[in-house]
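See structure below.
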Amino acid sequence: MFVAILATGVVLILVGRVSPEALAGYASALAGLYAAWHHRPGGGETRRTPPEGPPTSER
């Protein structure tokens, strides 16, 4: 996925649609938004606690 994003940036610069400075700004902004979204509290990740002890067998 990283290679696809890098290739897209290179193509946009070579075609002349985006300046390298603008692309760096966009990348920084998107990285910040992704980090804020990915590390949000209660983002669906649940922590599981290990069992208290070994399971007991009943006979």
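Each residue of the sequence shown is one higher than the one before, starting from 89 at the first, in our numbering. Ideal Cβ placement from N, Cα and C applies to all residues, glycine included. No experiment lies behind these values; they were computed from the predicted model shown.
Pairing Y122 with G113, the inter-Cα distance amounts to about 14 Å.
The beta-carbon distance between L111 and L100, rounded to whole angstroms, is 6 Å. This is short enough to meet the 8 Å contact definition. For the pair G97 and A115, the CB atoms are nearer than the 9 Å cut-off.
Collapsing the DSSP output to three states places V106 in coil. Rounded to the nearest whole angstrom, the CA to CA distance from H126 to T144 is 39 Å.
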